[in-house]
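Trainee: Structure below; questions to follow.
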């Protein structure tokens, strides 16, 4: 049975969702592709200790790589894209084309972008580190303003 909590962050409230104690969702307010609230289960502030600690350390600039167990729900292709996202180092960006190439699917930039947009665990699975060709700032489920702020916070090299 899923459980959720809401925590404060420099980017607004974040809703954390866990299934059997394993993080399966991190959603911003007004996020595109955010599931309905009723799917988050009952509020329980006791099962998110490690996630809250790591997010707090990340926002304080003390953590650059998350080590949480995650339960990502999606298609095999989405999982392959999300795995690539987790390989993008803190402070760096990759283009949708770079990710498609890394998956051995050149020309699949659009499919990569769609999978990126369906990422259920934002920030921790760093979909904000994906930019358009030439480093342009492009879509982000949490809004372009948040994406830009996250990249600036990390010292990212995107051109915008």
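Residue numbers (the working numbering): 83 to 242.
Just so it is clear, CB atoms sit at the ideal spot from N, CA and C, and this is done for glycine as well.
1. Does DSSP classify residue 239 as helix, strand or coil?
2. Indicate whether residue 104 and residue 153 have their beta-carbon atoms separated by less than 8 Å.
3. For residue 239 and residue 176, what's the separation of their Cα atoms in angstroms?
4. So for residue 40, helix, strand or coil by DSSP?
5. Does the stretch 129 to 137 come within contact of the stretch 177 to 184, defined as at least 3 CB pairs closer than 8 Å?
6. Is the distance from the Cβ of residue 216 to the Cβ of residue 199 below 8 Å?
Mentor: The structure says:
1. Model confidence at residue 239 stands at a pLDDT of 47, short of 50, so the residue's coordinates are unreliable; what they give is reported in the following sentence. Three-state result, residue 239: coil.
2. yes
3. Per-residue confidence for residue 239 stands at a pLDDT of 47, beneath the threshold of 50, marking its modelled position as unreliable; the derived number appears in the next sentence. Computed Cα separation, rounded: 10 Å.
4. What is shown of the chain runs 83 to 242, which leaves residue 40 out entirely.
5. no
6. no
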